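I have placed the structure first, in the form of structure tokens, so that the comments after it can refer back to it.
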DNA sequence: CAGGTTTTCGCCTATTGGTCGAAAACGTCG
DNA sequence: CGACGTTTTCGACCAATAGGCGAAAACCTG
């Protein structure tokens with residue numbers, strides 16, 4: 094979600110929503126306040142620090158240090174946004190102010206990296222969703238097609254994806270109605286990558302017996 | 094590596110090396126300068142932003158925002174450190190100043206998370222090393238025993254670990270001399286987690302034919 | 001009800017990671 | 001100098017995961 098600047102510098106270019114940190118708030122409180130006040134985004138399903146951008150010449154005039162965040166909202170959320178804000182596709186960004194384009198690309202990279210190793214995918218979907226919707230989200234974020242078959246298997250093994258029982262109405266051109274799912278509460282919340290080199294004993298019970 | 098504070102507040106407690114950001118440098122330049130000037134650490138094998146710590150009461154007096162970094166040095170590096178600095182084990186920290194203990198724990202968590210999914214392990218070892226040394230590093234960072242057999246297989250498949258041909262002298266109690274390895278240049282530098290949901294075509298050529 | 005569309009499920013294969021045991025290559029001690 | 005303990009290395013086996021079809025299921029339109 095971008096915000097069209099009215100004033101110089103970089104008037105009419107698009108920027109990320111943000112603002113100054115107050116002395117009595119930490120950075121996360123601040124970014125939530127900025128989003129609420131300026132672009133009316135309230136139901137953030139995920140918020141994490143992205144990086145600090147601090148090049149001395151990143152903005153004209155006195156140096157400004159920015160702490161960038163990656164924030165996700167469910168895809169069905171449609172906040173009542175002010176006139177000068179708009180949703181944009183990450184692949185087709187308009188002319189951006191300052192170093193904001195590189196911030197966006199960094200955020201996209203981070204999202205893609207984490208998507209398949211964490212259950213960050215949760216944050217992109219509404220409470221109930223179809224596998225196809227989820228596949229579309231993953232495809233968009235990762236930049237390549239993802240097979241629905243695989244996605245369902247991987248997720249149901251890892252995070253305990255559970256069916257709600259209901260079905261979504263089929264599209265205008267027909268097709269089998271898709272089953273609705275929700276993320277199981279039993280699926281542990283994981284925002285850091287799993288370990289592949291597991292602790293001993295966490296593997297299979299083993300077997301292995303060469304014939305003598 | 095910790096630094097014993099001489100002055101109040103929190104005199105005689107241990108703190109992370111650091112200092113103030115100058116107006117003409119970015120945060121990474123700054124942290125490298127601080128480490129060089131204050132504790133003489135120069136050969137950082139890996140540096141990455143960890144997080145911003147910004148709670149209004151994290152230090153007494155006016156609020157100070159800190160950008161914390163995770164920095165790694167090879168295990169054979171032994172910088173000529175000043176008298177008031179010392180290496181400490183992450184599991185047995187002395188009384189720490191401010192919120193520095195939580196910063197250390199966050200860093201350790203980050204390191205452990207990334208270790209098995211990236212080739213960050215590179216940064217912990219000297220240019221030539223044995224599998225046992227690597228296993229010890231992994232065990233220390235992860236907090237549980239890691240099998241040398243597994244580690245070698247996983248790494249040689251993923252990152253192309255290559256033998257140098259030489260061997261290290263055995264320990265005081267004998268034992269087979271360990272082969273020396275280096276990290277192959279062909280192993281891509283990876284600091285972000287790999288994708289598990291791979292793009293189509295990157296899997297097996299497929300096969301699969303049910304008999305009719 | 002035939003044809004098109006989308007979803008879902010089952011089967012197969014390749015690769016990965018864990019465990020174990022044996023062999024190799026040292027040192028030391030009697 | 002050979003038996004023994006030690007450490008490393010290698011090979012075999014098993015379990016689980018991930019990818020790739022293809023067929024069946026369930027819906028729409030005409």
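Chains as they are written, first to last, in the numbering used here: chain A, 94 to 305; chain B, 94 to 305. We put the CB at the ideal spot given by N, CA and C, even for glycine. Bear in mind that the values here come from a model prediction, so they are computed numbers and not experimental data.
Item, Value
"In angstroms, rounded to a whole number, what distance separates the CA positions of residue 138 of chain A and residue 247 of chain B?", "35 Å"
"So is residue 212 of chain B in contact with chain A if we call contact Cβ pairs under 9 Å?", "no"
"Given a cut-off of 9 Å on the beta-carbon distance, is the pair residue 121 of chain A and residue 162 of chain A in contact?", "yes"
"Give me the DSSP bridge partner(s) of residue 111 of chain B.", "Bridge partners of residue 111 of chain B: none, in fact."
"For chain A, find out if any of its Cβ atoms is closer than 9 Å to the Cβ of residue 134 of chain B; answer yes or no.", "no"
"May I ask you to report which of helix, strand or coil DSSP gives residue 226 of chain B?", "helix"
"Taking all protein chains shown into account, decide if residue 253 of chain A is buried (16 or more other Cβ within 10 angstroms of its Cβ) or exposed.", "exposed"
"Quick check on this structure: which residue in B:116, B:278, B:271, B:153 has the alpha carbon closest to the alpha carbon of residue 102 of chain B?", "B:153"
"Where does the unbroken beta strand (DSSP E) through residue 142 of chain A begin, and where does it stop?", "139 to 146"
"What does the alpha-carbon distance come out to for the pair residue 232 of chain B and residue 225 of chain B?", "10 Å"
"Would you mind sorting residue 236 of chain B into buried or exposed? The rule is 16 or more other CB atoms within 10 Å of its CB.", "exposed"
"According to DSSP, simplified to helix, strand and coil, what is residue 275 of chain B?", "strand"
"Using 9 Å as the threshold, is the C-beta distance between residue 95 of chain A and residue 181 of chain A below it?", "yes"
"Go ahead and pull the three-state DSSP assignment for residue 290 of chain A.", "coil"
"Relative to the C-alpha of residue 164 of chain A, which residue among A:105, A:134, A:271 is closest?", "A:134"
"Look up residue 255 of chain A in the DSSP assignment and say whether it is helix, strand or coil.", "strand"
"Would you please verify whether the beta carbon of residue 90 of chain A is less than 9 Å from any beta carbon of chain B?", "This structure does not reach residue 90 of chain A, given that chain A is present from 94 up to 305, and the question cannot be answered."
"Which runs of the alpha helix (DSSP H) fall wholly inside the segment 153 to 217 of chain B and span at least 4 residues, in chain order?", "193 to 208"
"Leaving aside the five residues before and after residue 300 of chain B along the sequence, list all residues of the same chain whose C-beta is less than 8 Å from its C-beta, in chain order.", "Confidence is the limiting factor: at residue 300 of chain B the pLDDT is only 29, short of 50, which leaves the residue's position unreliable and the question unanswerable from this model."
"Checking contacts by CB at 9 Å: is residue 117 of chain B closer than that to chain A?", "yes"
"Run through chain A and tell me which residues come within less than 9 Å of residue 225 of chain B, C-beta to C-beta.", "Here the premise fails: no neighbours, minimum Cβ distance about 15 Å."
"Would residue 176 of chain B be called buried (16 or more neighbouring beta carbons within 10 Å of its own) or exposed?", "exposed"
"From A:258, A:115, A:144, A:238, pick the residue whose C-alpha is nearest to that of residue 193 of chain A; which is it?", "A:144"
"If you run the structure through DSSP and keep just helix, strand and coil, what is residue 260 of chain B?", "strand"
"On the three-state DSSP scale, how would you describe residue 97 of chain B?", "strand"
"By a C-beta neighbour count over all protein chains shown, 10 Å radius and 16 as the cutoff for buried, is residue 112 of chain A buried or exposed?", "exposed"
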